[in-house]
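Asker:
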DNA sequence: TGACTCGTTTGGAACGATCCAATAATTCTT
DNA sequence: AAGAATTATTGGATCGTTCCAAACGAGTCA
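Residue numbers (UniProt numbering), protein chains in the order written: chain A, 1 to 347; chain B, 1 to 347.
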């Protein structure tokens, strides 16, 4: 049954040494004699001993080997991949992670941050819910716990951040559509009260202006940043007197929805209409037509965020570092650019 | 800077009481006088005290308020939604969760289970990687830690399980396609060495046999259970001398890939070809055509698994409970059934 | 032989919260 | 007014590990 736990003292007794020696063995200290080490390890195996990290963490010099990860929407592939990237690095570094989904709820976010803090995390990576304030990280930073913000920036937060270059990415994507001859280009999806959406819209606008095209606000259609939102957004856009011939989408989920919506109207994405996504989720490559997208490499971003946090945890000092990762336009089929090649291949 | 932590003793001193009283306040004990409670709470706020759960967990009567969740592929929406469902219940119950992704690696799985054990989880929910054996849970069960297996069963494991009724679901889906007049129905995607795939294929087979149709093994095409796998599978299937007119897909990701692959060949899913998925991820509703799928309600399943685990944690006794959740065929457009209605509506 | 290493080993005091048994302060009985 | 009953509070041992200072045995050197 639930027998009382096996402790170092039990091991010590079984191996005929002191608990201090057992502790040294556990830490793979070079101080201990080989034979003793073997004896102790045998006893550990024999008794089925399980190291108790909570106890070890009690000593205030120790650091906990636990980090917290908070994301706002795990059902979005982008965040799932981000989390997977972090997971890979953290696992390899011997860390284990608390993961919590806020679903954009500030209350939940506050609760989970507090809870993680009580459980002794050594660091936190967070993609903050909308409306998060710099003050929400105060308890952690005051305790010297490093925090890395990803994806969405929080003004005034004196913590590290890892963001993607939304402006440049949106501009590049728009320029690409322009170069394909499109003149009525829509920006579909996303809520304009978020920093990320604002940055992407700005990049889109700047590209149009530079090309000497008057930006038409009717072509900017807000919607939930989801597949369903994309369907809704493209439907609204196609009802315009002068409908667009191409669209830059807020993210890949929206872009998939846009493709769905177009097909529902008998318009084939890639052939009759240019669609560009944003994020670069794995599915973008697999989809047909393959989605042209501004790739931020979510897994890679997750890995980098994890490394950033680990660096701070290990260095001991918490100095905020702001990093903007470059993005790359992955040209595939949905924008129409690859159609000529496809034609050649199939002929 | 990283001043030494504020402890109950600091609070006690500041409030002019003993640490025992502070402890009682922390546990919201009714024994303590209202005024004293107020004084203590004021001191707690004032000093920015953070409860140290590791310390509390040391006492062997305590349970840790931490559970572990291990999934094999978080980039698959199904598992992401499953995790979100668990997260909701766990958060509400005041638990925090370790989440780890194994990516089907048994080594990683072993490592994370051991690591979580060392960190003192009170329970574990796991969607086991392929090849997991009952013995992999022994350390946990020996320590009296409840384990709930979800999605995939492990033969001989004396732990609780929560599975979906794969056989019935696949049979119902196949019967539905038969009722729509299809006679060449394929089963696309998945690896036949997994229990889940075997059960689904068996349900598919049984439905065919019952309808008096000889099952043609050429119509069963294995592939990775992903969108890309779906594209590949349908391509192979359409090369057959007698290609299928409809397909039951291993899961929704495969089904989306199958839709992609069909379109690439100029075949419109739902109109020219019946597609049915399995899982019921959120995207299935949003997609166009909306995906007909055997819905297991992943979030709901996650919630139920979490409740199952919590019940065991709270009851104290670990008695294995096997539960099979019913599934529901959500008929939408991709199977072709709704096309008649759509036709009517648009006329 | 005594002082000195060197390589191992070891008590015991932390760490921060809990909880039992005991005490102190108050009100209620009779 | 003395004892019982009730209400609040508290000291100290405890949980399982770490780590320091000390000690130990065995050799080395002068």
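Idealized CB from N, CA, C, for every residue including glycine.
(1) Shorter than 9 Å from the beta carbon of residue 273 of chain A to some beta carbon of chain B?
(2) At what residue ranges does the region 276-300 of chain A contain a whole run of the alpha helix (DSSP H), taking only runs of 4 or more?
(3) Tell me whether residue 99 of chain B sits in a helix, a strand or coil according to DSSP, three-state version.
(4) Quick check on this structure: which residue in B:162, B:204, B:52 has the alpha carbon closest to the alpha carbon of residue 276 of chain B?
(5) Among all the DSSP beta bridges, which residues are the ones paired with residue 325 of chain B?
(6) Exposed or buried, which one is residue 54 of chain B when buried takes at least 16 other CB atoms within 10 Å?
(7) List, in chain order, every chain B residue whose beta-carbon is nearer than 8 Å to that of residue 100 of chain A.
(8) Who are the near neighbours of residue 48 of chain A in its chain, counting only those whose CB is closer than 7 Å to its CB and skipping five residues on each side?
(9) Who does residue 186 of chain A pair with in a DSSP beta bridge?
(10) Check this for me: beta carbons of residue 46 of chain A and residue 14 of chain A, under 9 Å apart or not?
(11) Near residue 190 of chain B, which residues of its chain fall below 6 Å by C-beta distance, leaving aside the five closest residues on each side in sequence?
(12) Is there at least one Cβ from chain A nearer than 9 Å to residue 116 of chain B's Cβ?
(13) With residue 229 of chain B as the anchor, note down where its alpha helix (DSSP H) starts and where it stops.
(14) For residue 100 of chain A and residue 242 of chain B, what's the separation of their Cα atoms in angstroms?
(15) Only counting the same chain, and skipping five residues up and downstream in sequence, which positions put a Cβ closer than 6 Å to that of residue 165 of chain B?
(16) If I measure Cβ to Cβ from residue 173 of chain A and keep anything under 7 Å in the same chain, skipping five residues before and after, which residues do I get?
(17) For the region 67-86 of chain A against the region 124-132 of chain A, are there 3 or more C-beta pairs whose distance is under 8 Å?
(18) Touching or not, the region 214-222 of chain B and the region 259-277 of chain B, by the rule of three or more beta carbon pairs under 8 Å?
(19) Sort out for me which residues DSSP pairs residue 269 of chain A with in a bridge.
(20) Apart from the five residues just before and just after residue 25 of chain A, which ones in its own chain have a Cβ nearer than 7 Å to its Cβ?
(21) Between which two residues does the alpha helix (DSSP H) carrying residue 124 of chain B extend?
(22) Apply the 10 Å Cβ neighbour rule to residue 21 of chain B and answer buried if 16 or more other Cβ atoms are within range, or exposed otherwise.
(23) Is the beta carbon of residue 184 of chain A less than 9 Å from the beta carbon of residue 232 of chain A?
(24) Identify which residue in A:149, A:333, A:18 has its Cα closest to the Cα of residue 176 of chain A.
(25) Could you give the DSSP three-state label for residue 16 of chain B: helix, strand or coil?
(26) When you compare the CB positions of residue 206 of chain B and residue 263 of chain B, do they come within less than 9 Å of one another, or not?
(27) Kindly indicate the opening and closing residues of the alpha helix (DSSP H) around residue 261 of chain A.
(28) Going by the beta-carbon positions, is the gap between residue 159 of chain A and residue 305 of chain A smaller than 9 Å?
(29) Please specify which runs of the alpha helix (DSSP H), each continuous and at least 4 residues long, are wholly inside the region 68-98 of chain B, giving them in chain order.
(30) Consider the Cβ of residue 260 of chain B: report whether some Cβ of chain A lies at a distance smaller than 9 Å.
(31) Span of the alpha helix (DSSP H) holding residue 112 of chain A?
(32) The alpha helix (DSSP H) with residue 44 of chain A in it runs from where to where?
(33) Output yes or no for whether 9 Å exceeds the beta carbon distance between residue 82 of chain A and residue 302 of chain A.
(34) Can you give me the Cβ contacts of residue 79 of chain A inside the same chain, cut-off strictly under 6 Å, excluding the 5 residues immediately before and after it?
(35) What residue does the beta strand (DSSP E) around residue 147 of chain B start on, and which one ends it?
Answerer: Looking at the atomic coordinates:
(1) Locating residue 273 of chain A in the first chain gives position 273, where the first residue counts as 1. Chain B, which has no Cβ nearer than 9 Å to the Cβ of residue 273 of chain A, makes this no.
(2) Runs of the alpha helix (DSSP H) lying entirely within the region 276-300 of chain A, each at least 4 residues long, are 283-286 in chain order.
(3) Residue numbering aside, residue 99 of chain B sits at position 99 when the second chain is read from its first letter. Reduced to three states, the DSSP call for residue 99 of chain B is strand.
(4) For the purposes of this step, residue 276 of chain B is identified with residue 276 of the second chain, where counting begins at 1. Comparing Cα-Cα distances from residue 276 of chain B to each of B:162, B:204, B:52, the minimum goes to B:204.
(5) In the second chain, counting from the first residue as 1, residue 325 of chain B sits at position 325. Residue 325 of chain B is bridged to B:164.
(6) Working through the second chain from its first residue, we reach residue 54 of chain B at position 54. Counting every other CB atom within 10 Å of its CB across the protein chains shown gives residue 54 of chain B a total of 16 or more, marking it as buried.
(7) Here the question's residue 100 of chain A lines up with position 100 in the first chain. For residue 100 of chain A, the C-beta contacts it makes with chain B under 8 Å involve 87, 91, 96, 97, in order along the chain.
(8) Counting from one through the first chain, the residue named residue 48 of chain A turns up at place 48. Excluding residues within five positions, the ones whose Cβ falls inside 7 Å are 6.
(9) Reading the first chain from its first residue, position 186 is the one you call residue 186 of chain A. Residue 186 of chain A pairs with A:247.
(10) To locate residue 46 of chain A, count along the first chain from 1; it is residue 46. To locate residue 14 of chain A, count along the first chain from 1; it is residue 14. A contact, by the Cβ cut-off of 9 Å.
(11) Along the second chain, one-based indexing puts residue 190 of chain B at 190. Closer than 6 Å at the Cβ level, and outside the excluded window around residue 190 of chain B, lie 197, 225, 250.
(12) By one-based count along the second chain, residue 116 of chain B stands at place 116. With respect to chain A, the C-beta atom of residue 116 of chain B has a partner C-beta closer than 9 Å.
(13) As a working note, residue 229 of chain B is residue 229 in the second chain. Start and end: 227-238.
(14) The residue given as residue 100 of chain A occupies position 100 in the first chain. The residue given as residue 242 of chain B occupies position 242 in the second chain. Rounded to whole angstroms, the gap between the alpha carbons of residue 100 of chain A and residue 242 of chain B is 49 Å.
(15) Here the question's residue 165 of chain B lines up with position 165 in the second chain. Hits under 6 Å: 324, 326, 327.
(16) For this step, residue 173 of chain A is matched to residue 173 along the first chain. Cβ within range, chain order: 248, 276, 294, 329.
(17) With three or more CB-CB distances shorter than 8 Å, the region 67-86 of chain A counts as touching the region 124-132 of chain A.
(18) The answer is no - the region 259-277 of chain B does not touch the region 214-222 of chain B, with fewer than three Cβ pairs under 8 Å.
(19) For the purposes of this step, residue 269 of chain A is taken as the residue at position 269 of the first chain. Note: residue 269 of chain A is bridge-paired with A:273 in the DSSP secondary-structure output.
(20) If you number the first chain from 1, residue 25 of chain A lands on position 25. The residues are 32, 37, 40, 41.
(21) Numbered from its first residue, the second chain carries residue 124 of chain B at position 124. No alpha helix (DSSP H) contains residue 124 of chain B, which is instead part of the beta strand (DSSP E) from 123-126.
(22) Working through the second chain from its first residue, we reach residue 21 of chain B at position 21. Label assigned to residue 21 of chain B: buried.
(23) The residue given as residue 184 of chain A occupies position 184 in the first chain. The residue given as residue 232 of chain A occupies position 232 in the first chain. No, the pair does not count as a contact, with Cβ atoms beyond the cut-off.
(24) Counted from its first residue, the first chain places residue 176 of chain A at position 176. For residue 176 of chain A, the nearest C-alpha among the options comes from A:333.
(25) Locating residue 16 of chain B in the second chain gives position 16, where the first residue counts as 1. Coil, per DSSP.
(26) On the second chain, residue 206 of chain B is found 206 positions in, with the first residue counted as 1. On the second chain, residue 263 of chain B is found 263 positions in, with the first residue counted as 1. One thing to note: residue 206 of chain B has its Cβ no nearer than 9 Å to the Cβ of residue 263 of chain B.
(27) Against the first chain, residue 261 of chain A aligns to sequence position 261. If you look at residue 261 of chain A, you'll find it in the alpha helix (DSSP H) that goes 252-264.
(28) By one-based count along the first chain, residue 159 of chain A stands at place 159. By one-based count along the first chain, residue 305 of chain A stands at place 305. In this structure, residue 159 of chain A sits away from residue 305 of chain A, with a CB-CB distance that is not shorter than 9 Å.
(29) Taking only runs of at least 4 residues, the alpha helix (DSSP H) segments lying wholly in the region 68-98 of chain B are 77-92.
(30) As a first step, residue 260 of chain B is located in the second chain; it is residue number 260 there, counting from the start. Interface flag for residue 260 of chain B against chain A is set, since a Cβ pair is found closer than 9 Å.
(31) In the first chain, residue 112 of chain A corresponds to position 112, counting from 1. Per DSSP, residue 112 of chain A belongs to the alpha helix (DSSP H) from 106-118.
(32) Indexing the first chain from 1 puts residue 44 of chain A at position 44. Counted as a single uninterrupted DSSP element, the alpha helix (DSSP H) harbouring residue 44 of chain A occupies residues 34-47.
(33) As a working mapping, residue 82 of chain A is identified with position 82 in the first chain. As a working mapping, residue 302 of chain A is identified with position 302 in the first chain. Yes.
(34) As a first step, residue 79 of chain A must be located in the first chain, where it is residue number 79. The beta carbon of residue 79 of chain A sits closer than 6 Å to those of 71, 73, all from its chain and outside the five residues before and after it, given in chain order.
(35) Position 147 of the second chain holds residue 147 of chain B. Following the DSSP letters along the chain, one finds residue 147 of chain B inside the beta strand (DSSP E) bounded by residues 147-150.
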